[in-house]
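Take a look at the structure below.
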Amino acid sequence: MIRFEDLLEKVRAYSPDADVELLRRAYVFSAFEHRGQVRHSGEPYLIHPLAVADFLADMKLDAVAIAAGLLHDVVEDTLTTIERIQELFGPEVAHVVEGVTKISAIPFSSSEERQAENFRKMLLAMVDDIRVILVKLADRLHNMRTLHHLPEERRITIAQETRDIYAPIANRLGMSKVKNELEELSFRYLEPQAYEALRARVDAKRRATEGLIGDLKKTIGAKLTEAQVPVTEIDGRIKRLWSISQKLKKQKIELEQVYDFIALRIITDSVKD
Numbered sequence: 001m002i003r004f005e006d007l008l009e010k011v012r013a014y015s016p017d018a019d020v021e022l023l024r025r026a027y028v029f030s031a032f033e034h035r036g037q038v039r040h041s042g043e044p045y046l047i048h049p050l051a052v053a054d055f056l057a058d059m060k061l062d063a064v065a066i067a068a069g070l071l072h073d074v075v076e077d078t079l080t081t082i083e084r085i086q087e088l089f090g091p092e093v094a095h096v097v098e099g100v101t102k103i104s105a106i107p108f109s110s111s112e113e114r115q116a117e118n119f120r121k122m123l124l125a126m127v128d129d130i131r132v133i134l135v136k137l138a139d140r141l142h143n144m145r146t147l148h149h150l151p152e153e154r155r156i157t158i159a160q161e162t163r164d165i166y167a168p169i170a171n172r173l174g175m176s177k178v179k180n181e182l183e184e185l186s187f188r189y190l191e192p193q194a195y196e197a198l199r200a201r202v203d204a205k206r207r208a209t210e211g212l213i214g215d216l217k218k219t220i221g222a223k224l225t226e227a228q229v230p231v232t233e234i235d236g237r238i239k240r241l242w243s244i245s246q247k248l249k250k251q252k253i254e255l256e257q258v259y260d261f262i263a264l265r266i267i268t269d270s271v272k273d
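Sequence positions in the sequence shown follow the working numbering and run 1 to 273.
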């Protein structure tokens, strides 16, 4: 479980002047309002807003966004009003919390692409503060990571909504890591048999190429050093299952024909490099 003091330490590391008192008050209030509530896993509900706030801190967002993350379910799941949030935490925090609450209340009932796109446009149009979307994405990401605790029907509904609405929004905002994880988790719950079958095949291929990424990173790093190109990071990864699945379907090919199975990312000090 994420500790609140660890969250504060993370925030102070990138924002020494952050309003720590605001965060502390938001945490205490959230803990009090959610007292006695538990998640489907049986864990205290407070674990969820803490995880959301921690993800927002990973994105280095301001204290208002993180406080809103701690409070984002208080209006929806307790008797607390948005007026009370504004009175205690100010108009900015209240505005973000209210925006997240409104988004959560909108029913999404169709996976048809045109309707999904219209829904995404409507959702983005009603938001005048990007922090609302970021808090909602953090909320959805943690819920997807813990989706296995929910009944199957509920899992499918949430996963479909995630694939059709929230993953594309994350992509539109340039949040590729969030988009990729949301798609991967959606694939796992919407197509469990296809997911497990592909995972077994990819794991076998991964074992066969074990060590290759490390060797490539060393070789490329040495060549770049030799060429006096300043490199910040060389990162290697294996293509995600959802991405592989889409490629197999669209191109009608076999796994053995996926030649970009391994990807390398090289980050330099400047675009010129």
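Backbone N, C-alpha and C fix where the C-beta goes; we use that ideal spot for every residue, glycine too.
Helix, strand or coil at residue i according to DSSP, with G and I counted as helix
i	result
I307	No statement about residue 307 is possible, as the shown extent of the chain runs from 1 to 273 and does not include it.
L150	coil
L173	coil
T157	helix
E5	helix
V178	helix
F108	coil
P230	coil
Y259	coil
S243	helix
A18	coil
T225	helix
G211	coil
Q251	helix
Q115	helix
Q193	helix
H34	coil
Whole-number beta carbon distance between residue j and residue i, since they are thought to touch under 8 Å
i	j	result
V282	V132	Here the chain has residues from 1 to 273 only, and residue 282 is not among them.
G236	I262	7 Å
L147	R140	Wrong, their Cβ atoms sit about 10 Å apart, outside the cutoff.
I244	L198	7 Å
G69	V135	5 Å
I85	L50	The Cβ separation is near 18 Å, so there is no contact.
I66	L56	5 Å
I165	A116	6 Å
E43	T78	That pair is no contact at about 18 Å.
E98	V64	13 Å between Cβ atoms; not a contact.
V38	Y45	6 Å
V231	I266	6 Å
I103	L123	6 Å
In DSSP terms, what residue i is bridged to
i	result
R265	D235
The ligand MN heavy atom lying under 8 Å from the CB of residue i
i	result
A51	Questions concerning the ligand MN fall outside what the structure shown contains, since it holds no ligand whatsoever.
**OP:** Would you mind listing the beta strand (DSSP E) stretches within the segment 39 to 106 that are 3+ residues and don't spill past its ends, in chain order?
**Re:** none
Original post:
Taking one C-beta from the segment 5 to 20 and one from the segment 52 to 70 each time, how about it: are there three or more such pairs within less than 8 Å?
Top reply: yes
Subject >> Touch test, the segment 203 to 214 against the segment 246 to 262, Cβ-Cβ under 8 Å, three pairs minimum >> reply: yes
Subject >> Inter-stretch contact (C-beta, 8 Å, three-pair minimum) for the segment 170 to 189 and the segment 238 to 255 >> reply: yes
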